[in-house]
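Visitor: Okay, handing you the structure first.
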Amino acid sequence: MSEQPRRPRKPGKPYRRPQKDPVRILAFEALRAVDERDAYANLVLPPLLRKAREKEGPENFDARDAALATELVYGTLRRQGTYDAIIADCVDRPLREVDPPVLDVLGLGVHQLLGTRIPSHAAVSATVELARVVLGDGRAKFVNAVLRKVARDDLDGWLERVAPPYDEDPEDHLAVVHSHPRWVVSALWDSLGGGRAGIEELLAADNERPEVTLVARPGRATADELLGEEAAVPGRWSPYAVRLSEGGEPGAVDAVRENRAGVQDEGSQLVALALANAPLDGPDRRWLDGCAGPGGKAALLGALAAERGAFLLASEKQPHRAGLVAKALDGNPGPYQVIAADGTRPAWRPGGFDRVLVDVPCTGLGALRRRPEARWRRRPEDLDGFAPLQRGLLRSALEAVRVGGVVGYATCSPHLAETRAVVADVLKQFPDAELFDARPLLPDVPDLGEGPDVQLWPHLHGTDAMYLALIRRTA
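In this note's numbering, the protein residues as written are 113 to 587.
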């Protein structure tokens, strides 16, 4: 067979294979998982980081690489709304007509340009190289053209251009500047009670990287023990809380590995402490966590109950989440039981508990620092989907507690439809139950609101925006 003549190469620069950057490829893979599979970044990133370390070796993928990959993923997700508005100003078609993988690469590039200290030329060249690897040369040229337009100005300059003036449309201005959907801005503003300064501070706090907070489980570990760890500082409010400064790794802490301590936001700790310390009329022997998954509050409640000789029943509807609860409670020094049961169809007798906690499923608008993708995933109609479940769980909790006992209704959302509206509606059906002031149970925590319920805030307390209402059965 005769050899086919080679096609002559066009004049110009010789072809160069794209250079694979493991950090940016990892960040791109994480963003695609969030978009395609509705995954959460905090669940996707750890296995991707482990895989990169194993594949590249510690000399080619170290702690600084892991930190950069994490910043690229979370920063891009948090500022997605702002970056989309900027990208939209730089392309000649609606964003919905741009392929999602291309938008992910562009988002990573814009974050490097406007949200990090990476020099502009390096941010553009590294992102274009990523595009060549994951998108191909053709679409890499499009990425290059867009990023060069973005690089002509800084973030403040872009915001002046793409955000509507505050005086003309306050909510849309805040939505673009602080990268939240407009409906979320409106809901958070309502919950705060008005005023520009407060909502700006809250939205800005949602875009900050949250600290890792540990909880020392009473009777098994102490805050002093955890403070002996590198990068550890005391918590702000909970006597069991210890914060890890930047770079602190929970998995490196002996007490965490041994299940004597855990990772738990301080707001979540305060909810459990307030319920545990609420005054009771009568005995204090049986506690119920009616929505126990994934187990953080149950583990703290179980440890507190054990100190008093009380029994904890931890119930979770989803079997796999009930398994997480059992893991969190493993080694608890006092009596406890974990069951997989539907809290709206109780597996226990009415009136059998002295203290009951229901931390109900919700939109999660109070944890946008930790799960930034949730702000883009949630829709206003989701509130209607959660409403019957939230009311049903609170009704079941009030039926489960004895006369003189206390129910704690908690949710990691400050949305009024998930907090006060639920409590008010259910209490109309229970004339023998009454709200009482939860604020004295958190005596060192300021700015808890007008009461009798408690609303925590990221910008005021450095916690997730946890809500708590305490209710006592009176007859």
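We put the CB at the ideal spot given by N, CA and C, even for glycine.
Run through the DSSP bridge pairs and tell me what W399 is partnered with.
Guide: L424, R467
Visitor: What are the boundary residues of the beta strand (DSSP E) that includes G374?
Guide: In the DSSP assignment, G374 falls within the beta strand (DSSP E) that extends over 373-375.
Visitor: Under 8 Å by Cβ, that's how I've got E428 and A404 pegged, so tell me the actual separation to the nearest angstrom.
Guide: With a beta-carbon spacing of about 5 Å, E428 and A404 fall inside the 8 Å limit used to define contacts.
Visitor: Provide the residue(s) that pair with T523 in DSSP beta bridges, ordered along the chain.
Guide: Y579
Visitor: Rank G455, Y521, A479 by C-alpha distance to the C-alpha of D471 and give the top, closest one.
Guide: Y521
Visitor: Any idea if R162 is buried or exposed, counting beta-carbon neighbours within 10 angstroms, 16 or more meaning buried?
Guide: The residue in question, R162, is exposed, as its Cβ has fewer than 16 Cβ neighbours within 10 Å.
Visitor: In the DSSP output, which residue or residues are listed as bridge partners for Y448?
Guide: L424
Visitor: How many whole angstroms separate the CB atoms of I70 and L218, which I take to be in contact at a CB cut-off of 8 Å?
Guide: This structure does not reach residue 70, given that the chain is present from 113 up to 587, and the question cannot be answered.
Visitor: Fully enclosed by the stretch 527-581, which beta strand (DSSP E) runs are 3 residues long or longer?
Guide: 545-548
Visitor: Which residues in the same chain as G379 place their Cβ atom closer than 6 Å to its Cβ, once the five residues preceding and following it in sequence are excluded?
Guide: L568, T575, D576, M578
Visitor: Classify K409 as buried or exposed, calling it buried when 16 or more other Cβ atoms lie within 10 Å of its own Cβ.
Guide: buried
Visitor: In the DSSP assignment, find the unbroken beta strand (DSSP E) run with A587 in it and report its ends.
Guide: Premise fails: A587 is in no beta strand (DSSP E) and is neither H nor E.
Visitor: What is the rounded straight-line gap between the Cα of P431 and the Cα of A411?
Guide: 17 Å
Visitor: Alpha carbon to alpha carbon, what distance is there between D336 and W399?
Guide: 28 Å
Visitor: Name the DSSP bridge partner or partners of R355?
Guide: According to the DSSP secondary-structure assignment, R355 is paired through a beta bridge with T325, V345.
Visitor: Name the two residues that bound the continuous alpha helix (DSSP H) containing D177.
Guide: 175-190
Visitor: Find the nearest neighbour of R489 within the set G340, L215, T475, A388, judged by alpha-carbon distance.
Guide: T475
Visitor: Taking just the CA atoms, how far does L539 sit from H571?
Guide: Roughly 30 Å between the two C-alpha positions.
Visitor: Taking the CB atoms as reference points, tell me whether L528 and A299 lie closer together than 9 Å.
Guide: Yes, Cβ-Cβ distance for L528 and A299 is below 9 Å.
Visitor: Return the chain-ordered list of same chain residues with a C-beta closer than 6 Å to the C-beta of I583, the five sequence neighbours on each side being excluded.
Guide: V519, A545, L547
Visitor: Secondary structure at G250, three-state DSSP: helix, strand or coil?
Guide: Note: G250 maps to helix in three-state DSSP.
Visitor: Given that a residue counts as buried once 16 or more other Cβ atoms are within 10 Å of its Cβ, and exposed if not, what is Q103?
Guide: Given a span of 113 to 587 for the chain in the structure shown, any question on residue 103 remains unanswerable.
Visitor: Can you name the residues that DSSP bridges to V518?
Guide: R467, R584
Visitor: Pull up the CB-CB distance for G407 and G446, whole angstroms please, since I reckon it's below 8 Å.
Guide: Contact flag wrong, Cβ pair sits at about 16 Å.
Visitor: Residues in its own chain within less than 6 Å of G463 by CB, not counting five upstream and five downstream?
Guide: R514
Visitor: Let me know if E148 comes out buried or exposed under the rule of 16 or more other beta-carbons within 10 Å of its beta-carbon.
Guide: Its Cβ having fewer than 16 others within 10 Å, E148 is exposed.
Visitor: Which class does V135 belong to by DSSP, given the choice of helix, strand or coil?
Guide: helix
Visitor: Quick check on N172: buried or exposed, where buried means 16 or more other Cβ atoms within 10 Å of its Cβ?
Guide: exposed
Visitor: Give me the Cα-Cα distance between G331 and D366, rounded to the nearest whole angstrom.
Guide: 16 Å
Visitor: Run the CB neighbour count on P500, radius 10 Å, all protein chains shown included, and call it buried at 16 or more, exposed below.
Guide: exposed
Visitor: Let's test the definition: count the other Cβ atoms within 10 Å of the Cβ of G305 and tell me whether it reaches 16, buried, or not, exposed.
Guide: exposed
Visitor: Work out the CA separation of I137 and A287 for me, nearest whole Å.
Guide: 29 Å
Visitor: Just the Cα atoms here: how many angstroms apart are T586 and F465?
Guide: 14 Å
Visitor: Do the stretch 440-458 and the stretch 371-388 touch if we need at least three Cβ pairs shorter than 8 Å?
Guide: yes
Visitor: Mind reading off the beta-carbon distance from G187 to H233? Whole number of angstroms is fine, and I expect it under 8 Å.
Guide: Not really, about 19 Å apart at Cβ, beyond 8 Å.
Visitor: What would DSSP say about V210, mapped onto helix, strand or coil?
Guide: coil
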